[in-house]
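Written below as structure tokens is the structure these notes are about.
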Amino acid sequence: MAVVSLVLLLGASPKPVLGQEETCGERPSLQVTILDESGSIALPGAMVVLYWSDVEESPLRESAGSDGRFFLCAPAEARRVTVWAEMGDDSSEQASVALAAGEATGVELRVLLTAPRRGRVIGRVYDAMTDDPVATAAVSVSGHAHESASNRQGQFVLSDLRPGARELELRRLGYATLRYPIEVMEDITTEVDIGLVPMPVEMEPIVATVARLRRLEIKGFYERKYWGELTGNGYFFSPEYIERWRPSDVQFLVVSNVPGITWKGANRRMSSGFGSLTCKMSIIVDGFAWGGWPRIPWSQIAGVEVYKGPATLPAEFGGSDARCGAVVVWTK
1206 MAVVSLVLLL GASPKPVLGQ EETCGERPSL QVTILDESGS IALPGAMVVL
1256 YWSDVEESPL RESAGSDGRF FLCAPAEARR VTVWAEMGDD SSEQASVALA
1306 AGEATGVELR VLLTAPRRGR VIGRVYDAMT DDPVATAAVS VSGHAHESAS
1356 NRQGQFVLSD LRPGARELEL RRLGYATLRY PIEVMEDITT EVDIGLVPMP
1406 VEMEPIVATV ARLRRLEIKG FYERKYWGEL TGNGYFFSPE YIERWRPSDV
1456 QFLVVSNVPG ITWKGANRRM SSGFGSLTCK MSIIVDGFAW GGWPRIPWSQ
1506 IAGVEVYKGP ATLPAEFGGS DARCGAVVVW TK
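Numbering (our numbering), first residue to last: 1206 to 1537.
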């Protein structure tokens, strides 16, 4: 598991070289080293995820530097963060790291390149009576040694779960304990919305479970959708949405649902505004650049991502031809 540098979001200077980190003043700081399982080889470019446990900051997902390291100046009030690293289909274990004001904390994360395929459960806990998020709810899965806790938005993550039939348990003072059977699947993230019932009100708990399409899971679509919708970066069309909408093709789906995109694939938001000059978006199909709108029937579309500018565009879809944003299409 690894952290991602916050310098771009917090306005700090570029990431420093080992031994030359800038001080963070009274804020906590975190120095992370990402290695292979043996601990002898640094892993540059590993995708890292940082998930705050106790502050209202958006989760972060980014790639490691060329030395496999990150240096992070955390928010002043942050005292705990959950981090992990991903390399292709492999990942490190999830780590919960304590932070202290004005102090630097070091953590070493090792990506288990030969680890068995595991599953993950993410979700949101809310009050079934008011729909308000429930923070600090203890979340555990049977057969897994570690538990998670929901943050201020009611969100939680449980990673590295052994596949099979499991029982999800949630406990929170003032609410009835919930136990619910779930199926953990290899390489699949199961997403749940859980409504806890305040005691002593008598009603059934509310649980919604979604199993995700494996191809999109491997390609990172659901991770980008999860964080993108939290931060308002990008538009995402899932298999379920496409099945309900049944658009004639990708062009109709995007133009009809994303403001500012023309039928020619131009982004009005990024246009220069002079005469007939337009800003042509990059179109990517299954990871490859495409010359124009792909003629793919809705039944063959697995998912679509739309990013309207370079600031919101994930690094894997960037490039000089993506300055106006990108439409990313995944087929079944």
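Don't be surprised by glycine CBs; every beta carbon is placed ideally from N, CA and C.
Assign Lys1537 to buried or exposed, taking buried as 16 or more other Cβ atoms, counted over all protein chains shown, within 10 Å of its Cβ.
exposed
Review point. Would DSSP call Leu1421 helix, strand or coil?
Key: helix
| For Lys1485, which residues does DSSP report across the bridge? | Ala1471
- Using CA coordinates, which residue listed in Tyr1380, Arg1451, Asp1392, Trp1289 is at the minimum distance from Pro1405? Tyr1380
With distances taken from CA atoms, which of Gln1360, Pro1519, Tyr1446, Asn1438 is nearest Val1339? Gln1360
Beta carbon of Ser1178 nearer than 8 Å to that of Glu1388
Look at the range of the chain in this structure, 1206 to 1537, and you will see that residue 1178 is not part of it.
Subject >> Alpha carbon of Phe1441 to alpha carbon of Asn1462, nearest angstrom >> reply: 10 Å
By DSSP, does Ser1160 sit in helix, in strand, or in coil? No answer is possible for residue 1160: the residues shown for the chain start at 1206 and end at 1537.
**Asked** Does the Cβ-Cβ distance between Arg1323 and Thr1394 come in under 8 Å?
**Response** no
task = For the beta strand (DSSP E) holding Glu1372, just list the boundary residues, first then last.
result = 1369-1376
- Task: Output the distance between the C-alpha atoms of Ser1301 and Gly1273, rounded to the nearest integer angstrom.
- Result: 19 Å
ask   = Would Leu1518 be called buried (16 or more neighbouring beta carbons within 10 Å of its own) or exposed?
value = buried
Taking 8 Å as the cut-off, does the stretch 1232-1243 touch the stretch 1275-1283 (at least 3 CB pairs, one atom from each stretch)?
yes
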